[in-house]
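Heads up, the thing below is written out as structure tokens.
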Amino acid sequence: MHRLYTRDYLLLFPSKSDSKTSRDVIEDICTIVNLPANWDSHGAYPIDIKCATVAIEIALLYLTRDTPRPSVVPTVRGGIQVEWHVRDFDVELKIDSPEQIELFFEDLRTGESWEEDITTDSARLITAIEKLSSRG
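Note that the working numbering gives residue 1179 to position 92 of the sequence shown, counting from 1, and the numbers run on in steps of one.
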């Protein structure tokens, strides 16, 4: 069981996922979620627990054992960015709040590129992760 401790919350998530990638992402989120205010010494906000929860839900729902491990980084406004720069793809998932989730996708081999708000529709996220996961 993953325990996500913050200043105000304790969230529990199953640790037995089919995907090592999702487990790794959850561990990365657990690491950054406790960053204090001003963690970058330039006034950054602490990570919003709601953004962390959304990122964990995405990891559990969509990342497979074939999905390469992404980088998980905090944003200065308290959000979380999950990004892949592998297999000739650039994919960046930015969670500014549960009500504002954006996805950037670029396939460097084909030139396909787009950016979209995916807050209410995860179809593009699923497509991006499937493409990323299937290219060896």
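Glycine is no exception: its CB is placed at the ideal position from the N, C-alpha and C atoms.
Contact set for residue i: own chain, Cβ-Cβ below 6 Å, skip 5 residues either direction
i: K1181; result: Q1168 and E1189
i: V1160; result: Q1168
Span separating the alpha-carbon of residue i from that of residue j
i: D1175; j: C1138; result: 27 Å
i: I1143; j: T1197; result: 30 Å
i: A1210; j: D1115; result: 25 Å
i: P1157; j: A1131; result: 22 Å
i: G1223; j: C1117; result: 29 Å
i: S1200; j: P1123; result: 35 Å
i: Q1224; j: S1106; result: Outside the shown range of the chain, which is 1088 to 1223, sits residue 1224, and nothing can be said about it.
Enclosing beta strand (DSSP E) for residue i [first to last residue]
i: V1173; result: I1167 to V1173
i: S1200; result: S1200 to D1204
i: L1195; result: It is not in any beta strand (DSSP E) - L1195 carries neither H nor E in the DSSP assignment.
Residue i in three-state terms, based on DSSP
i: I1141; result: In the sequence as displayed, the identity of residue 1141 is Val instead of Ile. If DSSP states are grouped into helix, strand and coil, V1141 belongs with the helices.
i: I1182; result: strand
i: D1177; result: strand
i: D1115; result: helix
i: L1147; result: helix
i: L1212; result: helix
i: I1188; result: strand
i: S1128; result: coil
i: S1158; result: strand
i: L1122; result: coil
i: I1134; result: coil
Proximity of residue i and residue j at Cβ, strictly below 8 Å
i: T1214; j: R1152; result: no
i: L1195; j: T1154; result: no
i: I1134; j: G1165; result: yes
i: V1173; j: F1192; result: no
i: P1185; j: V1141; result: yes
Residues of its chain near residue i, where Cβ-Cβ distance is below 7 Å and the 5 sequence neighbours each way are ignored
i: Y1149; result: L1212, I1213 and I1216
i: A1146; result: S1109, V1112 and I1113
Neighbour flag for residue i against chain B, beta carbons, 8 Å
i: T1118; result: Looking at the structure shown, chain B is missing, and only one protein chain is on hand.
Close beta carbons around residue i, own chain, < 8 Å, minus the five adjacent residues each side
i: W1126; result: P1133 and P1161
i: H1129; result: V1163
i: E1202; result: E1189, L1190, F1191 and F1192
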